[in-house]
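Numbering (UniProt numbering), first residue to last: 1 to 270. Taking it in order: structure first as structure tokens, then the write-up.
Here's what the structure looks like:
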């Protein structure tokens, strides 16, 4: 979830986060139907996914009915509401295996041939291709000569025949121009996509978020966040996962990327 958090007078908010993929995609050790057991934890992936689909009063009611309160949910996830996770490598690995990693696999890049095919779909190029084919066909077509025309041929007939033999050059030139345009367009698109993916990968690797582990406030890469992490949200942060607000003051979230609404949505702890 790539929403921006904005705060009025608050310095930070505490949020319990869950992986990006908890809404529908499969990752790590969970099954596609979301029925993966919670292992040593008291909450399954399916339950977390259903909880993250709810909003407002419905979400609060679900937490109260299933876990009592947010502290009860933290206990099910073996997380401390104030000290966060222990930070033990074995525990973090176990959470990744049970719930998956906080990482969305990038979409498979288009091949160069696919980009060539897309470039060929341009209407102008299609018209030029058709004109070139027609021109080539007409250049090789020779209607049968009538005897009267053969008898009345002048000395300039040889010159006309030479021009007819060179008629294919026009169609070939058009086709060659189309091929050049298509290849250049496809190569430019391929180069831009490669640069964009490289930049996106570098940004994702450098992006960090503030979490509480073993009572200490630390910054870790977004991909290293796991289910049960207690995070601090500050002004302007991009939320890297779905989560539940534990405590906060005048917290507003920009959810335009999800709902299309430009107004910030006020959030409060249940």
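Glycine is no exception: its CB is placed at the ideal position from the N, C-alpha and C atoms.
Original post:
Which residue from 223, 169, 60 and 61 puts its Cα closest to that of residue 131?
Top reply: Stepping through the chain shown from its first residue, residue 131 is reached at position 131. Of the candidates 223, 169, 60 and 61, the one whose C-alpha sits nearest the C-alpha of residue 131 is 169.
Original post:
DSSP on residue 210, reduced to helix/strand/coil?
Top reply: Position 210 of the chain shown, counted from the first residue, corresponds to residue 210. Reduced to three states, the DSSP call for residue 210 is strand.
**OP:** Provide the residue(s) that pair with residue 221 in DSSP beta bridges, ordered along the chain.
**Re:** Taking the first residue of the chain shown as position 1, residue 221 is located at position 221. Note: residue 221 sits in a beta bridge opposite 208.
Subject >> Unbroken beta strand (DSSP E) run spanning residue 242, endpoints >> reply: For the purposes of this step, residue 242 is taken as residue 242 along the chain shown, with counting starting at 1. Run containing residue 242: 242-247, per the beta strand (DSSP E) assignment.
Subject >> Per DSSP, cross-strand counterpart(s) of residue 216 >> reply: Against the chain shown, residue 216 aligns to sequence position 216. Beta-bridge pairing links residue 216 to 213.
Subject >> Terminal residues of the beta strand (DSSP E) in which residue 232 lies >> reply: As a position in the chain shown, residue 232 is number 232, starting the count at 1. Residues 230-233.
Original post:
What did DSSP end up calling residue 252 once you bin it into helix, strand or coil?
Top reply: Residue 252 sits at position 252 when you count from the first residue of the chain shown. Reduced to three states, the DSSP call for residue 252 is strand.
Original post:
What's the call for residue 70, buried or exposed, on a 16-neighbour Cβ count within 10 Å?
Top reply: Taking the first residue of the chain shown as position 1, residue 70 is located at position 70. When all chains shown are included, residue 70 counts as buried.
**OP:** Could you have a look at residue 95 and say whether DSSP puts it in helix, strand or coil?
**Re:** Mapped onto the chain shown, residue 95 falls at position 95. Residue state, collapsed to three classes: helix.
**OP:** Report yes if the CB atom of residue 202 is closer than 8 Å to the CB atom of residue 106, and no otherwise.
**Re:** Your numbering for residue 202 matches position 202 in the chain shown. Your numbering for residue 106 matches position 106 in the chain shown. Their beta carbons are not under 8 Å apart, which means residue 202 does not touch residue 106 by this criterion.
Subject >> Test item: CB-CB of residue 186 and residue 115 under 8 Å >> reply: Here residue 186 refers to the residue found at position 186 when the chain shown is read from its first residue. Here residue 115 refers to the residue found at position 115 when the chain shown is read from its first residue. Yes. Within cutoff.
**OP:** Taking residue 217 and residue 207 to be in contact with their CB atoms under 8 Å, please state how far apart those CB atoms are, rounded to whole angstroms.
**Re:** The sequence position of residue 217 within the chain shown is 217, counting from 1. The sequence position of residue 207 within the chain shown is 207, counting from 1. Incorrect: roughly 17 Å between the Cβ atoms, too far for contact.
Subject >> Delimiting residues of the alpha helix (DSSP H) encompassing residue 55 >> reply: One-based indexing of the chain shown puts residue 55 at position 55. Per DSSP, residue 55 belongs to no alpha helix (DSSP H) and is neither H nor E.
Original post:
Under 8 Å between the Cβ atoms of residue 193 and residue 108?
Top reply: Sequence index remark: in the chain shown, residue 193 carries index 193 (1-based). Sequence index remark: in the chain shown, residue 108 carries index 108 (1-based). For residue 193 and residue 108, no; Cβs fall outside 8 Å.
Original post:
residue 292 to residue 180, Cα distance in whole Å?
Top reply: The first residue shown for the chain is 1 and the last is 270, placing residue 292 beyond what the model contains.
Original post:
To the nearest angstrom, how far is it from the Cα of residue 209 to the Cα of residue 88?
Top reply: Start at 1 with the first residue of the chain shown, and residue 209 comes out as number 209. Start at 1 with the first residue of the chain shown, and residue 88 comes out as number 88. Taking the straight line joining both Cα atoms gives about 18 Å.
**OP:** Give the range of the beta strand (DSSP E) segment to which residue 273 is assigned.
**Re:** An answer regarding residue 273 cannot be provided, because it is not within the stretch 1 to 270 covered by the chain.
Subject >> residue 102 versus 250, 268 and 229, residue with shortest Cα-Cα distance >> reply: The residue labelled residue 102 in the question sits at position 102 within the chain shown. Nearest C-alpha to residue 102: 229.
**OP:** Let me know if residue 184 comes out buried or exposed under the rule of 16 or more other beta-carbons within 10 Å of its beta-carbon.
**Re:** Residue mapping note: residue 184 aligns to position 184 of the chain shown, counting from 1. Residue 184 is exposed by the Cβ-count criterion.
Subject >> Per-residue DSSP class, three states only, for residue 84 >> reply: As a working note, residue 84 is residue 84 in the chain shown. Reduced to three states, the DSSP call for residue 84 is strand.
Original post:
Does the Cβ-Cβ distance between residue 178 and residue 125 come in under 8 Å?
Top reply: As a working mapping, residue 178 is identified with position 178 in the chain shown. As a working mapping, residue 125 is identified with position 125 in the chain shown. Yes, the pair counts as a contact, with Cβ atoms nearer than the cut-off.
**OP:** Hey, could you find the ends of the alpha helix (DSSP H) residue 70 is sitting in?
**Re:** By 1-based counting over the chain shown, the position of residue 70 is 70. Boundaries of the alpha helix (DSSP H) harbouring residue 70: 70-76, taken from the DSSP string.
Original post:
Using the rule of at least 16 other Cβ atoms within 10 Å of the residue's Cβ for burial, across every protein chain shown, is residue 123 buried or exposed?
Top reply: For the purposes of this step, residue 123 is identified with residue 123 of the chain shown, where counting begins at 1. When all chains shown are included, residue 123 counts as exposed.
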